[in-house]
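The listed protein sequences correspond, in order, to chains H and G.
Its first residue numbered 1, the first sequence is counted upward by one per residue in our numbering.
Its first residue numbered 407, the second sequence is counted upward by one per residue in our numbering.
Cβ atoms here follow ideal geometry from the backbone N, Cα and C, with glycine treated the same way.
Protein chains: 2
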Amino acid sequence: MTRINGRRLIADLRRLAEFGKAGTGVNRVSFSGADIESRVWLRERFQAAGLDAAIDAVGNVRGVSAQAARAVVIGSHTDTVPMGGWLDGAMGVLYGLEIARSRIESGRQGQLGVDVVSFQDEEGTFLPCLGSRSFCGELTQADIAKPKSQAGEPLVEALRRAAYGGPAWRLDKGRHIAYLEAHIEQGPRLEAAKRRIGVVTGIVGIRRFRIIAKGQADHAGTTPMSMRKDAARPLFTFAYRVHADLPAMVGPDTVWNIGVITVRPGAANVVASEAELVVEFRDTSSEVLERIEARLLAWISELDSQGPARLEAHPIARIAPTLMAPDLEALIEAGAAENGTATLRMPSGAGHDAMVLGHHLPSAMLFIPSIGGRSHDVAEDSAEDDIVLGCEVLAAVVERLEARAA
Amino acid sequence: MTRINGRRLIADLRRLAEFGKAGTGVNRVSFSGADIESRVWLRERFQAAGLDAAIDAVGNVRGVSAQAARAVVIGSHTDTVPMGGWLDGAMGVLYGLEIARSRIESGRQGQLGVDVVSFQDEEGTFLPCLGSRSFCGELTQADIAKPKSQAGEPLVEALRRAAYGGPAWRLDKGRHIAYLEAHIEQGPRLEAAKRRIGVVTGIVGIRRFRIIAKGQADHAGTTPMSMRKDAARPLFTFAYRVHADLPAMVGPDTVWNIGVITVRPGAANVVASEAELVVEFRDTSSEVLERIEARLLAWISELDSQGPARLEAHPIARIAPTLMAPDLEALIEAGAAENGTATLRMPSGAGHDAMVLGHHLPSAMLFIPSIGGRSHDVAEDSAEDDIVLGCEVLAAVVERLEARAA
């Protein structure tokens, strides 16, 4: 059994958090100075562990187990959102490093290698999942030519500035047998269920619609109710129905949100001439997403035909769900049992690099609890014991994969 | 029967609209250069008509029928909202001038005089209904000391700049027997009903509440529905209920509006931590207003106790209804019949100087149709025939008052 070194893992995580340190958190958006420096440090750490380390054409840092003919890819990302947390993607990358290093130290890398990776720009400062999409061969030159950061810098300029060049590291189906990504949960479920290991069943698909209503501005004192074309009123009806009626037709883990609504002109004594809201819903089942979409669009059509305001629904995001590999889920559960801890099966409500990898390679994700469910914030944290336990479970998964490959 | 001169009335209205002319509309906010100049012109017009004319301490322009011991007050205001219409209050003031002038010309002012007035700042550039409140003795020095315009000028500074001084013209209960105000409807009802004269039954009371909900911001992908404290959701329920359930418990002319809603932080993928909306409702019946308020507050209390978000209702406006004098309403209907036109009884959904006067003197208002219901906009207009007819009807009301006083 591979013994990982928990203290070394924590020390590496603390050292990585120095790059872009911001109080208890980290400000290390992709292609920032802190991000560029941290990748050099990471490459050196991979090298020191005995891996064949390099930074590739888009800035992916990879450490390859050169002696092995077949390998499992373990990783995540080390870029953060602005003023983010110290664990987020970093933990999954350093789990890969610690497991690869421990296996090399114990002479166990021959059967099955561990290729470690920090994918570039998962958070989308320039292009969400840039690194994992490049790894999976999903990006064309045109895809790279377009994106700019919010500050206006083109991605190609950032790549030039960071001096990344040479070949892109690519998925090799003759070599790579699986992708494993560990991550903090970024939600409250493990903590509430008092479980220390989450087994991700899939990464949810997301559909998002902008609902626009057009009516007519009128004096709210002098215009009788029957003569108004209030644009806000049908949106209130719609929003009420979404929350009241969806529970009866969705899955146990479906989530939805109406977090944006705007009413114009926006005065207490003026009937709304225009109103819009954004509704989104997420599930790992495409069939559930289809059913919700059909119902929402039927409501919009019904409210539009009732008048007097006109309603339209515009799709603004449509991300397909990614299912994790059931056999790998079972290996995580076995690895957790071996370490004496129970698991919780759950979807990932947020996106991850595994969302990209899962369409190309059998993939699995393991969650550890987020304290208070916090993430994408300097307050993000997890218990050190949980961080170490997650790595031990993942190391056990690699052993089981090795046994299966033998 | 007093014959008013319709062509002279229209000519005066067109001349007054030159002060602050802005395309088809007028930009003549109180204490602007255009407003100050227009009051000097108005005083001269009153003087030329044979009235005892002056501009008083707050800028009210009054023309008193000096030969009469008793008088009816006819007026409105000549200030406008920014980029307003040419008729709004101006029409009611010039009706007073035309009726007083015609009665003086035909030697009929002895029995019952007409005191004409343009009240200062009805639109509230500094203080809503400043002039009529001063006339009714409702203002203290402290009331005048506080207000500033949106541009930051104190009212006392504007009064100094305009060089208004001397005594305030005051309501004299030994002299003044009634207040008559004519106005454009500012709504679509007369046009829709094909009636040319509206008889105002009362000026609506207004109650306005800010409803504030407090919840907790959470990731809308990773937080299960059952663990959210969504601040927006109960406001959607509230807004839906307001529109769905109020019709069964209000009067035929009650109006209500939700024209303001804000959700924070306002992102599609973040559960709302805070949300607020403004709901207002108007009616001429205090009992109806009480009933609505009790129901809305009960809903808020119910939603608050259901949780998980907390709700509060904060009153932000409470204006009592003002009923018009029923005997004067009957005189307008008789005056309209005498001129061969049918009337429509209706509340005024907007505020007017009669809202202040009505608490001190028997008061009545007459509406003429607004084309397309438009007002407070340069597009505001009415048919010249309707403008002249309204003045003829009001002149007939004065004759009937005179007959009654005799």
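In or out: Ile-316/H buried (at least 16 other Cβ within 10 Å) or exposed? Here Ile-316/H is exposed. Its C-beta has fewer than 16 other C-beta atoms within 10 Å.
Check each residue of the region 723-753 of chain G: if its Cβ is closer than 7 Å to any Cβ of chain H, include it; give the result in chain order. none
Measure the C-alpha to C-alpha separation of Arg-420/G and Arg-806/G and round it to an integer number of angstroms. 29 Å
Within 10 Å of its beta-carbon, does Thr-24/H have 16 or more other beta-carbons around it, so buried, or fewer, so exposed? Burial check for Thr-24/H: the Cβ neighbour count within 10 Å stays below 16, so the residue is exposed.
For Gly-251/H, which residues in the same chain have their Cβ closer than 7 Å to its Cβ, ignoring the five residues on either side in sequence? Asp-283, Ser-285, Val-288
Taking only three categories from DSSP, how would you classify Thr-237/H? helix
Measuring alpha carbon to alpha carbon, tell me which residue in Ala-272/H, Pro-308/H, Arg-189/H is nearest Asp-253/H. Arg-189/H
Name the residues in the region 174-198 of chain H whose C-beta lies less than 9 Å from a C-beta of chain G; which are they? Glu-185, Gln-186, Gly-187, Pro-188, Arg-189, Ala-192
Can you give me the C-alpha to C-alpha distance between Val-388/H and Arg-196/H, rounded to a whole angstrom? 11 Å
Member of Gln-473/G, Ala-584/G, Asp-441/G, Arg-509/G whose CA lies at the smallest distance from the CA of Ala-811/G: Ranking the options by Cα distance to Ala-811/G, first place goes to Ala-584/G.
Same chain, Cβ closer than 7 Å to Arg-576/G, five either side skipped, listed in chain order: Phe-541, Gly-543
Can Ile-550/G and Gly-764/G be called in contact, C-beta distance under 9 Å? no
9 Å Cβ cutoff, His-782/G in contact with chain H: Residue contact with chain H for His-782/G: present (Cβ-Cβ distance below 9 Å to some residue of chain H).
Is the CB of Ile-261/H under 9 Å away from at least one CB in chain G? It does; some Cβ of chain G falls within 9 Å.
Under the rule that 16 or more other beta-carbon atoms within 10 Å means buried, what is Glu-798/G, buried or exposed? With at least 16 other beta carbons inside 10 angstroms of its own, Glu-798/G counts as buried.
Name, please, each residue of chain G whose Cβ falls closer than 9 Å to the Cβ of Ala-220/H. Val-661, Trp-662, Asn-663, Gly-665, Glu-686, Arg-688, Gly-755
Contact defined as beta carbons within less than 8 Å: I believe Val-271/H pairs with Val-666/G. What is the distance between those atoms, to the nearest angstrom? That pair is no contact at about 12 Å.
Which runs of the alpha helix (DSSP H) at least 4 residues long sit entirely within the region 704-784 of chain G? Give them in chain order. 732-744, 760-763
Strictly by DSSP, which residues pair up with Trp-662/G? Looking at the DSSP output, Trp-662/G bridges to Phe-687/G.
Closest to Val-804/G by CA distance: which of Gln-592/G, Ala-740/G, Lys-427/G, Asp-527/G is it? Ala-740/G
Per DSSP, which one or two residues make a beta bridge with Phe-31/H? Phe-31/H is not bridged to any residue.
Would you list, in chain order, the members of the region 637-650 of chain G that have their beta-carbon closer than 7 Å to a beta-carbon of chain H? Ala-638, Arg-639, Phe-642, Thr-643, Ala-645, Tyr-646, His-649
Can you find the residues in the same chain that come closer than 6 Å, C-beta to C-beta, to Phe-126/H, ignoring five residues on each side of it along the sequence? Residues Pro-147, Ser-149, Leu-155 of the same chain have their beta carbon placed closer than 6 Å to that of Phe-126/H, with the five preceding and five following residues left out of the count.
Taking only the alpha-carbon atoms, compute the straight-line gap between Ala-748/G and Ala-742/G and give it to the nearest angstrom. 6 Å
Report the CB separation of His-582/G from Leu-800/G in whole angstroms; it is logged as a contact under 8 Å. In fact, because the Cβ distance is near 16 Å, the residues do not count as touching under 8 Å.
Could one say the Cβ of Gly-498/G lies closer than 9 Å to chain H's Cβ atoms, at least one of them? Using a Cβ-Cβ cut-off of 9 Å, Gly-498/G does not count as an interface residue toward chain H, since no Cβ of chain H sits closer than that to its own.
Ile-206/H at chain G interface by Cβ criterion, 9 Å: yes
Do you know offhand how far Asp-441/G's Cα is from Asn-466/G's? Computed Cα separation, rounded: 11 Å.
DSSP-derived helix/strand/coil call for Arg-602/G: Reduced to three states, the DSSP call for Arg-602/G is coil.
Rounded straight-line distance, which links the Cα of Lys-427/G to that of Ser-438/G: 13 Å
Give the interface partners of Val-270/H over in chain G, defined as CB-CB distance under 7 Å, in chain order. Residues of chain G whose Cβ lies closer than 7 Å to the Cβ of Val-270/H are, in chain order, Gly-665.
So Asp-458/G is in the beta strand (DSSP E); what residue range does that whole segment cover? 458-461
Residue burial classification, Thr-546/G (beta-carbon count within 10 angstroms, cutoff 16): exposed
Counting only beta-carbon atoms, is Pro-224/H nearer than 9 Å to chain G? yes
Identify whether Tyr-585/G lies in helix, strand or coil by the three-state DSSP scheme. strand
Less than 8 Å between the CB atoms is what I'm expecting for Gly-604/G and Leu-500/G, so what's the real figure, rounded? In fact, because the Cβ distance is near 19 Å, the residues do not count as touching under 8 Å.
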